[in-house]
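J.: Chains as they are written, first to last, in the numbering used here: chain X, 75 to 202; chain S, 66 to 426. No residue lacks a Cβ here, since even glycine has one placed at the ideal position from N, Cα and C. Questions regarding the structure given below will be posed in turn.
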Amino acid sequence: MSNVPSDLKYISSHEWVREEDDGTVTIGITDHAQELLGDVVYVELPDVDSEVALEDEIAVVESVKAASDIYAPLSGTIIAVNEDLEDAPETVNSSPYDDGWMFKMQPSEPSELEGLLDAESYQNEIED
Amino acid sequence: MGLKTPFYDSHVKANAKIVDFGGWDMPLHYGSQLEEHHIVRQDAGMFDVSHMTVVEVKGAEAKPYLRYLLANDVEKLQESGKALYSGMLNHEGGVIDDLIVYFIDSSNYRVVVNASTREKDLAWMAEQASNFEVSVTENTDFAMLAVQGPNAIEKTNSVLSKAQQEAVAGIGVFFAADSEGYFIARTGYTGEDGYEIMVPADQAGEFWNKLVDAGVRPCGLGARDTLRLEAGMNLYGNEMDETVSPLEANMGWTITWTPEDRDFIGKSALLSQKEVGIKNKLVGLVLQGKGVIRSHMKVIAEGVGEGETTSGTMSPTLKQSIGIARVPKATGETVMVEIRKKLVPAKVVKATFVRMGKALV
């Protein structure tokens, strides 16, 4: 059974979004996604300060099996990336919601937050 | 629901992630493919390879039959138990399969072929047998387990019977010993030392448990693939198939040209290929930039031409992406690999990256 924390938001392509107190958001991939991928061996992250649009392919997670695109769950600016993943991509497997975070964004269209899934809806999607 | 090997229950008990592999329900990993990979490089792991096909070739003309069927020459096998790696070619010189043949005596050979090619192999072998006094029969009595790693032999020996221990004592590489129903061969597909063992199917679970107790860890197909790739060993369907010449698949060493009066299937095709000139070669690639090489990526050799990767992965031992590629013969020391629309430089090396736990690149 995959872990789906109730305080996060999700999109169907298995990214999670955490709304921080300062209005920024942190993004990673879900426990379910890391289970599907298997051991993660390489993560390619977006450039800091780059502008991205909703649903852009902005990062790549490569596992022992295959490469998977990571999509922007919101439009906005990339303000930080998790550089630790360069040397320790396996953190995505061991700690998908904490140390395995991928990037932080400053959303430019806050209304897009309403389009995200809550934990219950995401849970339902992955159980189908 | 796929076919199940005699170890299936053992896999389920060990929490394997089961996937379909050529119609068989096989373990992909038992938690972490990477951990399993490292265990084989550093200690001892075991792989269920029971899905592979064992074929018994027996009869007065078993030897002339195999000398005609295979590109390598079984005449080289003089000592009982000695094994030989060979391609089985079609008349056009393409590779129907790669296999290992064990010599018992000149009227009795045991051949192990791939699982994914079972039906066409058996049909081809039967068809070619019609002109020889020989029987070609699949043997389904065995479960097969590969135990691999620097400690594999020692740990396996500790669970064998006294008679079996004596039979395998000092056994050479590419030799097999037949003892008390077990056929124990010092062969493998990982670049490490170890055994591939045929066990009577009804003793599979018991043997598995003994090995677990001796500290041998179950390993899945995922690790098997990254290990063989680091070792630079071909995978049928990736590096070669019926449309690929062994001369363009690093299999030149498996073709025996002498004595010249031996004919074998595919020989005349290979000779005319040599006369025209071999266009491509199979090389190893070590990625110099970021990303991961996968199969079927475009490879660009500047000023020479283009090729394609046949396999690729992130090497768990080297912590760099490696691959195997078929490229034009004149390709030099560096190429560009097209990875997800970006060109990434790669060093061209001999396709042997890791052997006996040591990095070679």
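Within this structure, are the beta carbons of G297(S) and G349(S) separated by less than 8 Å?
T.: Yes.
J.: Return the Cβ separation of D258(S) and A217(S) in integer angstroms, given the expectation that the two are a contact with Cβ distance under 8 Å.
T.: Their Cβ separation, rounded to whole angstroms, is 6 Å, which keeps D258(S) and A217(S) in contact under 8 Å.
J.: Just checking: is the beta-carbon of A141(X) within a distance shorter than 8 Å of some beta-carbon in chain S?
T.: So yes, A141(X) belongs to the interface.
J.: Assign H156(S) to one of three DSSP states: helix, strand, or coil.
T.: It is coil, neither helix nor strand.
J.: Can you name the residues of chain S whose CB is closer than 9 Å to the CB of E118(X)?
T.: Ordered by position in chain S, the residues that pass the 9 Å Cβ test against E118(X) are K355, G356, R405.
J.: Going by DSSP in three states, I218(S) sits in which element: helix, strand or coil?
T.: Helix at I218(S).
J.: Could you tell me which chain S residues have their CB closer than 8 Å to the CB of D202(X), listed as they occur along the chain?
T.: Neighbours of D202(X) on chain S: none; closest Cβ ~20 Å, over 8 Å.
J.: Under a Cβ-count criterion, where at least 16 other Cβ atoms within 10 Å of its own Cβ denotes burial, should L190(X) be classed as buried or exposed?
T.: Buried is the call here.
J.: For D326(S), count neighbouring Cβ atoms within 10 angstroms of its own Cβ and tell me buried if that reaches 16, exposed if not.
T.: By the 10 Å Cβ count, D326(S) comes out exposed.
J.: With a cut-off of 8 Å, do at least 3 Cβ pairs link the segment 133 to 143 of chain S to the segment 92 to 101 of chain S?
T.: With a cut-off of 8 Å, the segment 92 to 101 of chain S and the segment 133 to 143 of chain S do not count as touching, because too few Cβ pairs lie within range.
J.: Would you call the segment 162 to 182 of chain S and the segment 111 to 131 of chain S in contact, with 3 or more CB pairs under 8 Å?
T.: Yes, the segment 162 to 182 of chain S touches the segment 111 to 131 of chain S.
J.: Could you list which residues in chain X have their beta carbon closer than 7 Å to that of T374(S), in chain order?
T.: Under the 7 Å cutoff, chain X gives no residues; its nearest Cβ is about 13 Å from T374(S).
J.: Under 9 Å Cβ-Cβ, which residues of chain X neighbour T291(S)?
T.: Chain X residues near T291(S): V138.
J.: Excluding five sequence neighbours on each side, which residues of the same chain lie with their C-beta closer than 6 Å to the C-beta of A81(S)?
T.: Excluding residues within five positions, the ones whose Cβ falls inside 6 Å are P92, Y95.
J.: By the criterion of Cβ-Cβ separation under 7 Å, what are the contact partners of D158(X) in chain S?
T.: Near D158(X) there are no residues of chain S at all, since even the closest Cβ is about 15 Å away, more than 7 Å.
J.: Quick one, which of L347(S), I404(S), E295(S), V309(S) has its alpha-carbon nearest K384(S)'s?
T.: Selected option, being the one with the closest Cα: E295(S).
J.: Could I get the ranges of all uninterrupted beta strand (DSSP E) runs contained in the segment 243 to 303 of chain S, with 3 residues as the minimum, in chain order?
T.: The qualifying runs are 247 to 250, 259 to 265.
J.: Where in the segment 153 to 190 of chain X do unbroken runs of the beta strand (DSSP E), each at least 3 residues long, occur, reported from the N-terminal end onward?
T.: Counting only runs of 3 or more, we get 177 to 181.
J.: Can you have a look at K220(S) and say buried or exposed, based on whether 16 or more other CB atoms are within 10 angstroms of its CB?
T.: Buried: at least 16 other Cβ atoms inside 10 Å.
J.: Just the C-alpha distance for E164(X) and R132(S), rounded to the nearest angstrom, thanks.
T.: For E164(X) and R132(S), the distance between alpha carbons rounds to 50 Å.
J.: Compare the Cα-Cα distances from T291(S) to each of F72(S), S386(S), G87(S) and report the closest residue.
T.: Closest by alpha carbon: S386(S).
J.: For R282(S), which residues from the same chain have a beta carbon less than 6 Å from its beta carbon, with the 5 sequence-adjacent residues on both sides left out?
T.: I104, G110, listed in sequence order.
J.: Do the CB positions of I236(S) and A242(S) come within less than 8 Å of each other?
T.: Yes. Within cutoff.
J.: Leaving out five residues before and five after V178(S) in sequence, what residues of the same chain have Cβ atoms less than 6 Å from its Cβ?
T.: Counting only Cβ-Cβ distances below 6 Å, and skipping sequence neighbours, we find T118, D162, L164, D186.
J.: Assuming V78(X) contacts Q197(X) (C-beta within less than 8 Å), just tell me the rounded distance between them.
T.: With 8 Å as the limit, V78(X) and Q197(X) qualify as a contact, their Cβ atoms being about 5 Å apart.
J.: Less than 8 Å between the C-beta atoms of L347(S) and A395(S), yes or no?
T.: Contact flag unset, no.
J.: V224(S) to E271(S), Cα distance in whole Å?
T.: Near 11 Å, if we compare the C-alpha coordinates of E271(S) and V224(S).
J.: Should the segment 131 to 146 of chain X be called in touch with the segment 163 to 183 of chain X, which here means at least 3 C-beta pairs below 8 Å?
T.: Yes: at least three Cβ pairs fall under 8 Å.
J.: Would you kindly check if the distance between the Cβ of G388(S) and the Cβ of T374(S) is under 8 Å?
T.: The answer is yes: Cβ separation under 8 Å.
J.: The alpha helix (DSSP H) that contains W189(S), what's its start and end?
T.: Note, W189(S): alpha helix (DSSP H), 183 to 194.
J.: Helix, strand or coil, according to DSSP, for L335(S) in the structure here?
T.: Three-state DSSP puts L335(S) in a helix.
J.: Tell me whether W273(S) is buried or exposed, calling it buried when 16 or more other Cβ atoms sit within 10 Å of its Cβ.
T.: Buried.
J.: For K141(S), which of F197(S), T321(S), E307(S), M316(S) has the nearest alpha-carbon?
T.: Of F197(S), T321(S), E307(S), M316(S), the residue nearest in Cα terms is T321(S).
J.: Counting only beta-carbon atoms, is G174(X) nearer than 8 Å to chain S?
T.: No, no contact with chain S.
J.: How far does the alpha helix (DSSP H) with E144(S) in it extend, from its first residue to its last?
T.: Where E144(S) is concerned, there is no enclosing alpha helix (DSSP H), given that its DSSP letter is neither H nor E.
J.: Mind checking who P393(S) pairs with in its DSSP beta bridge?
T.: N345(S).
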